[in-house]
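**Student:** Okay, handing you the structure first.
Residue numbers (this note's numbering): 91 to 378.
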């Protein structure tokens, strides 16, 4: 089976899908606040998928309220990872949010948010976001850890109750799938460009008390550095598709920045490293 050829449904383990727990690597990294640095990367990679891009273009108000929509999406998706015995219920809720999103795009192609290929692509970007957090900002991963994260992302996806057909059978097959999607399926479209256009982005909630004139000054370098990071995390095929440049010097600088973030993060108290849904999961497991 080639990466572009649909296969039969991946066999499910007997019984209901087992949620991830605190012994998983996904718990260690997915809910990490450093993931916010990758939000434009994840959003643009998702929107480059024809079906996802069409759904955002026709059904989403994301660009009118970026921060609000980001955190409203992050919270329930985080629950599918961190809600423990309630994770399957949270997954059904997330699936339900997408039930009415469908239609025909401007090129006459039908789409639906719960199409397994479309839904799995969004999930795959969350998996790769987790990989990038660990690889770029937390000292790196061993090959065994990559395989473990892959297996965990399959368990996590199974909670949604959708067809397992699009899910690659191994870490190696996933890499082929990812390369195929980036080279042959993703496209340059308006929703992707809108994610990358942050010239008028509002103050994040953490800086809501910052005077507007000061934010107008700070926004320029912050947006520039965020876009630079986003471009650095794209596969080269995606950079080529979007007409973006990345040099060996950029790559060396990104590695340096990632190392600095990794070392600085050690001084952040552990409980404050995670967004609220993840923190609640850790607190529950530790009896707080």
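By construction, the Cβ of each residue, glycine as well, lies at the ideal position given by its N, Cα and C atoms.
For the 8 Å Cβ check, are there 3 or more pairs between the stretch 249-256 and the stretch 229-240?
**Tutor:** The stretch 249-256 vs the stretch 229-240: no contact.
**Student:** Considering only C-alpha positions, which residue in the set 372, 159, 332, 204 is nearest to residue 119?
**Tutor:** Of the listed residues, the one whose Cα sits closest to residue 119 is 372.
**Student:** What distance in whole Å lies between the Cβ atoms of residue 332 and residue 107, which are believed to be in contact at a cut-off of 8 Å?
**Tutor:** Not confirmed; about 36 Å, so no contact.
**Student:** For residue 201, which residues does DSSP report across the bridge?
**Tutor:** Beta-bridge pairing links residue 201 to 193.
**Student:** Would you list the residues sitting across from residue 364 in a DSSP beta bridge?
**Tutor:** Answer by DSSP bridge pairing, in chain order: 122.
**Student:** State whether the stretch 200-212 contacts the stretch 135-151, with contact taken as three or more CB pairs (one from each stretch) at a distance under 8 Å.
**Tutor:** Yes, since at least three Cβ pairs between the stretch 200-212 and the stretch 135-151 fall closer than 8 Å, the two stretches touch.
**Student:** Output needed for residue 279: all residues of its chain with C-beta closer than 8 Å, excluding positions within five of it in sequence on either side, in chain order.
**Tutor:** So the qualifying residues of the chain are 137, 138, 140, 143, 147.
**Student:** In whole angstroms, what is the alpha-carbon distance linking residue 394 and residue 303?
**Tutor:** Since the displayed the chain opens at 91 and closes at 378, residue 394 lies outside it and no answer follows.
**Student:** Is residue 134 close to chain D? Criterion is C-beta to C-beta, closer than 8 Å.
**Tutor:** Any reference to chain D falls outside this structure, which holds one protein chain only.
**Student:** Do you know offhand how far residue 337's Cα is from residue 291's?
**Tutor:** Spanning the two alpha carbons is a distance of roughly 27 Å.
**Student:** Which residues mark the beginning and the end of the alpha helix (DSSP H) in which residue 233 is found?
**Tutor:** 233-248 is the extent of the alpha helix (DSSP H) around residue 233.
**Student:** I need the DSSP call for residue 374, collapsed to helix, strand or coil.
**Tutor:** Helix, per DSSP.
**Student:** What are the uninterrupted segments assigned as alpha helix (DSSP H) that are 4 or more residues long and contained completely in the stretch 129-185, given in chain order?
**Tutor:** Taking only runs of at least 4 residues, the alpha helix (DSSP H) segments lying wholly in the stretch 129-185 are 129-137, 140-149, 156-172.
**Student:** Is it right to say residue 194 is buried, meaning 16 or more other beta carbons lie within 10 angstroms of its own, or is it exposed?
**Tutor:** Exposed, because fewer than 16 other Cβ atoms sit within 10 Å of the Cβ of residue 194.
**Student:** Taking 6 Å as the limit between beta carbons, can you name the residues of its chain near residue 131, skipping five residues before and five after?
**Tutor:** Here the set comprises 320, 323.
**Student:** Could you check how far apart the C-beta atoms of residue 352 and residue 228 are, in whole angstroms? I think they sit under 8 Å.
**Tutor:** Going by Cβ atoms, the distance from residue 352 to residue 228 rounds to 6 Å, so yes, they are a contact pair.
**Student:** Just mark residue 242 as buried or exposed, buried being the case when its beta carbon has 16 or more other beta carbons within 10 Å.
**Tutor:** Buried.
**Student:** Look at residue 238 and residue 127 and say whether their C-beta atoms are less than 8 Å apart.
**Tutor:** It is not a contact, given that the beta carbons lie outside the stated cut-off.
**Student:** At 4 residues or longer, and completely inside the stretch 275-326: list those alpha helix (DSSP H) runs for me, N to C.
**Tutor:** Counting only runs of 4 or more, we get 280-286, 302-323.
**Student:** If you reduce the DSSP assignment to three classes, tell me which class residue 328 lands in.
**Tutor:** In this structure, residue 328 counts as helix in the three-state DSSP scheme.
**Student:** Just the Cα atoms here: how many angstroms apart are residue 314 and residue 307?
**Tutor:** So the two alpha carbons sit approximately 12 Å from each other.
**Student:** What would DSSP say about residue 334, mapped onto helix, strand or coil?
**Tutor:** Residue 334 falls in the coil class under three-state DSSP.
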